[in-house]
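These protein sequence lines map, in sequence, to chains A and B.
Under UniProt numbering, residues 1 to 296 are what the first sequence spells out, in order.
Under UniProt numbering, residues 1 to 81 are what the second sequence spells out, in order.
Beta carbons: idealized from backbone N, C-alpha and C, even for Gly.
All of these numbers come straight from a predicted model, not from anything done at the bench.
A short worksheet on the structure shown next.
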Amino acid sequence: MKEINYSELKKGGFMRQVQKGYFSMRLRVVGGRLSAEQLKKIYEVANKYGRGYVHLTARQGVEIPFIRLEDIEAVKKELSEAGIEPGACGPRVRTITACQGSSICPNGIIDTTELANECDKRYYAQELPHKFKIGITGCGNNCLKAEENDLGIKGAVKPEWEKSSCTFCGLCQAVCPTKAIQIDEKNKKITIDRDKCTYCGRCVKSCPTNSWKGKPGYLLYFGGMFGNNIALGKQILPILFSKEDVHKVIQATLEFYKKYGKQGERFRNTLERVGWDIFKKELEKAIENERSDFDE
Amino acid sequence: MSDIKADVFLDITNLVCPMTFVKAKATMEDMEVGQIIEIRMNEGEPIQNVPRSLKEEGHEILKVINNNDGTYTIFVKKGGQ
Ligand code: SF4
Ligand code: SF4
Ligand code: SF4
Chain A
1 MKEINYSELK
11 KGGFMRQVQK
21 GYFSMRLRVV
31 GGRLSAEQLK
41 KIYEVANKYG
51 RGYVHLTARQ
61 GVEIPFIRLE
71 DIEAVKKELS
81 EAGIEPGACG
91 PRVRTITACQ
101 GSSICPNGII
111 DTTELANECD
121 KRYYAQELPH
131 KFKIGITGCG
141 NNCLKAEEND
151 LGIKGAVKPE
161 WEKSSCTFCG
171 LCQAVCPTKA
181 IQIDEKNKKI
191 TIDRDKCTYC
201 GRCVKSCPTN
211 SWKGKPGYLL
221 YFGGMFGNNI
231 ALGKQILPIL
241 FSKEDVHKVI
251 QATLEFYKKY
261 GKQGERFRNT
271 LERVGWDIFK
281 KELEKAIENE
291 RSDFDE
Chain B
1 MSDIKADVFL
11 DITNLVCPMT
21 FVKAKATMED
31 MEVGQIIEIR
41 MNEGEPIQNV
51 PRSLKEEGHE
61 ILKVINNNDG
71 TYTIFVKKGG
81 Q
């Protein structure tokens with residue numbers, strides 16, 4: 001019998017099961033989206049090679065348990081016909097997760113699916129010191145829990161008020177979750193406390209006269225982890241308005257991790273050991289041409 | 001304070017999402033364009049979502065009053081199709 005390279009198998013999304021000779025196969029799913037065709041193929045493979053069921057992982061993955069070692073090549077081939085590849089495990093960029101975002105969800109501020117596809121193309125399975133999770137959530141409701149990821153992205157809006165069209169109906173003050181908005185109806189003035197504003201965009205979405213305008217953007221969180229050790233990602237950059245900046249920051253983050261991270265060390269621990277300041281400086285350097293975005 | 005006179009009054013404080021919006025929408029369907037409805041709802045999810053959904057349906061939010069008892073009253077003018 002030929003030598004089995006378990007780490008090669010794992011890299012390719014096959015995880016050894018408790019039961020000898022069986023593997024649970026993890027599939028590559030981008031942004032939580034599978035086509036009906038792909039589902040059909042998964043159904044067929046799970047029936048033919050597995051035990052007629054799949055497991056949905058906590059990070060939008062699909063796993064087909066009970067694949068026998070000798071069937072792995074056949075399974076890979078069948079799935080690839082429907083454009084499904086094995087997922088990544090081990091020390092590399094994992095499945096890019098995303099909520100439905102602005103293309104489907106009325107709360108959505110950014111197109112999470114599009115961004116997830118871009119991230120998948122650019123970063124998926126890149127080799128790193130340890131596993132690395134990227135998650136994208138469309139708004140402050142945070143369905144995808146940005147802060148749980150090594151790098152989390154959240155859709156956000158920086159609101160600006162225009163007096164001319166405001167009817168002082170009072171809705172924005174009522175919907176603001178952080179009470180950042182104060183309406184002074186007598187003097188026909190609205191003030192916003194920028195320190196309290198979380199860029200959730202509710203004022204912009206609700207305003208009946210579109211007096212609140214908003215520039216959609218991205219809030220980024222770094223160093224989240226939710227396994228044996230738990231830490232929430234930190235937001236260390238101001239809101240970014242250009243998607244290219246977001247990519248520059250992701251690229252710089254991965255490079256930082258490759259450069260400073262020790263084998264087997266989670267990104268958070270690298271940050272704690274090397275220093276958040278140094279990391280922040282590298283990120284700022286990466287987007288320094290767009291410095292004007294930093295101005296409030 | 002409100003100097004707006006409503007034609008219809010609706011209380012949705014006993015409903016939960018998505019029935020809050022469904023009830024408001026259904027009630028407004030029986031109204032004439034230009035008529036005003038006064039809707040009382042709870043703070044939190046209803047005030048976050050119901051006015052916004054009504055706006056998306058083409059109606060006009062005229063006034064929002066915080067009753068300071070955990071509820072809000074909103075005045076909405078029915079929009080034309
Ligand atoms: S995070 Fe926001 S945009 Fe995404 S699904 Fe939740 S509510 Fe919708
Ligand atoms: S919701 Fe719009 S119209 Fe109403 S008070 Fe606020 S800014 Fe003015
Ligand atoms: S964006 Fe959100 S937190 Fe900021 S002022 Fe508007 S409603 Fe309040």
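Measuring straight from C-alpha to C-alpha, what distance separates P216 (chain A) and C200 (chain A)? Rounded to the nearest angstrom, the two C-alpha atoms are 10 Å apart.
Determine, using beta-carbon pairs with one atom in the region 210-224 of chain A and one in the region 155-163 of chain A, whether at least three such pairs fall under 8 Å. Segments in contact, yes.
Range of the contiguous beta strand (DSSP E) that encloses I4 (chain B): For I4 (chain B), there is no enclosing beta strand (DSSP E), as DSSP gives it neither H nor E.
Can we count C203 (chain A) as close to ligand 1, meaning its CB is less than 6 Å from some heavy atom? Taking non-hydrogen atoms of ligand 1 into account, the C-beta of C203 (chain A) is found less than 6 Å away from none of them.
Measuring only the C-alpha atoms, how far is E147 (chain A) from A231 (chain A)? Distance between the alpha carbons of E147 (chain A) and A231 (chain A) is about 8 Å.
Chain B contact for K205 (chain A) (CB, 7 Å cutoff): Chain B, which has a Cβ nearer than 7 Å to the Cβ of K205 (chain A), makes this yes.
Going along the chain, which residues of the region 172-194 of chain A sit with their C-beta nearer than 7 Å to a C-beta in chain B? Cβ contacts with chain B: A174 and V175.
Is the number of C-beta pairs between the region 37-51 of chain B and the region 60-75 of chain B that are closer than 8 Å three or more? By the Cβ rule, the region 37-51 of chain B counts as touching the region 60-75 of chain B, because three or more pairs are nearer than 8 Å.
Could you give the DSSP three-state label for G101 (chain A): helix, strand or coil? In this structure, DSSP gives G101 (chain A) a helical state, which the three-state scheme calls helix.
Can you tell me whether DSSP reads P51 (chain B) as helix, strand or coil? In the structure shown, P51 (chain B) falls within a helical segment according to DSSP collapsed to helix, strand and coil.
Just the chain B side, please: which residues come within less than 8 Å of G170 (chain A) by C-beta, in chain order? The answer, in chain order, is K63, V64, I65 and N66.
So is G58 (chain B) buried or exposed if we call it buried at 16+ other beta carbons inside 10 Å? With a threshold of 16 other beta carbon atoms within 10 Å, G58 (chain B) falls short and is exposed.
With 7 Å as the threshold, decide whether the Cβ of K78 (chain B) is near any Cβ in chain A. Chain A contact via Cβ: absent.
Can you pull the chain A residues whose beta carbon is under 7 Å from the beta carbon of K25 (chain B), in chain order? The contacting residues do not exist; K25 (chain B) stays about 14 Å from chain A at best.
List, in order along the chain, the chain B residues whose C-beta lies closer than 7 Å to that of P208 (chain A)? When 7 Å is used as the limit between beta carbons, P208 (chain A) is near these residues of chain B: K55, E60 and I61, in chain order.
Taking the alpha helix (DSSP H) that M31 (chain B) falls in, what are its first and last residues? Per DSSP, M31 (chain B) is not a residue of any alpha helix (DSSP H), being assigned neither H nor E.
Is F168 (chain A) helix, strand or coil by DSSP? In the structure shown, F168 (chain A) sits in coil (DSSP, three-state: anything other than H, G, I, E or B).
Give me whichever residues DSSP pairs with R16 (chain A) in a beta bridge. DSSP, once it has assigned bridges, lists A:F23 as partnering R16 (chain A).
For G51 (chain B), decide whether its Cβ has a neighbour in chain A, counting only Cβ atoms nearer than 7 Å. Here residue 51 (chain B) is Pro; the residue named in the question, Gly, does not match the sequence. P51 (chain B) belongs to the set of residues whose beta carbon lies under 7 Å from a beta carbon in chain A.
So for K213 (chain A), helix, strand or coil by DSSP? In the structure shown, the three-state DSSP call for K213 (chain A) is strand.
Are the beta-carbon atoms of I96 (chain A) and V45 (chain A) separated by less than 7 Å? No, the Cβ-Cβ distance between I96 (chain A) and V45 (chain A) is not below 7 Å.
Helix, strand or coil at residue 297 (chain A) [DSSP, three-state]: Residue 297 (chain A) is absent from the model: chain A starts at 1 and stops at 296.
Could you check if T191 (chain A) belongs to the surroundings of ligand 4, using beta carbon to heavy atom distance under 6 Å? This structure does not include ligand 4; its bound ligands are ligand 1, ligand 2 and ligand 3.
For K121 (chain A) versus T137 (chain A), is the C-beta spacing smaller than 7 Å? Taking 7 Å as the Cβ cut-off, K121 (chain A) and T137 (chain A) do not qualify as a contacting pair.
Answer with buried or exposed for A26 (chain B), where buried requires no fewer than 16 other C-beta atoms within 10 angstroms of its C-beta. Label assigned to A26 (chain B): exposed.
Any chance the CB of Q100 (chain A) is under 6 Å from a heavy atom of ligand 1? For ligand 1, at least one heavy atom lies less than 6 Å from the Cβ of Q100 (chain A).
My output table needs one value for residue 332 (chain A): the three-state DSSP class, helix, strand or coil. With chain A covering 1 to 296 only, the question about residue 332 (chain A) has no answer from this structure.
Listed from N- to C-terminal order along the chain, which residues in the region 68-102 of chain A have their beta-carbon within a distance smaller than 8 Å of any beta-carbon of chain B? Listed by position, the residues of the region 68-102 of chain A near chain B (Cβ gap below 8 Å) amount to none.
Within the present structure, is the beta-carbon of T137 (chain A) separated from the nearest heavy atom of ligand 1 by less than 6 Å? Indeed, a heavy atom of ligand 1 lies less than 6 Å from the Cβ.
What are the boundary residues of the beta strand (DSSP E) that includes L39 (chain A)? Counting along the chain, L39 (chain A) falls outside any beta strand (DSSP E), though it belongs to the alpha helix (DSSP H) covering A36 to K48.
Would you say I47 (chain B) reaches chain A, if we count a Cβ-Cβ gap shorter than 7 Å as a contact? By this cut-off, I47 (chain B) is an interface position.
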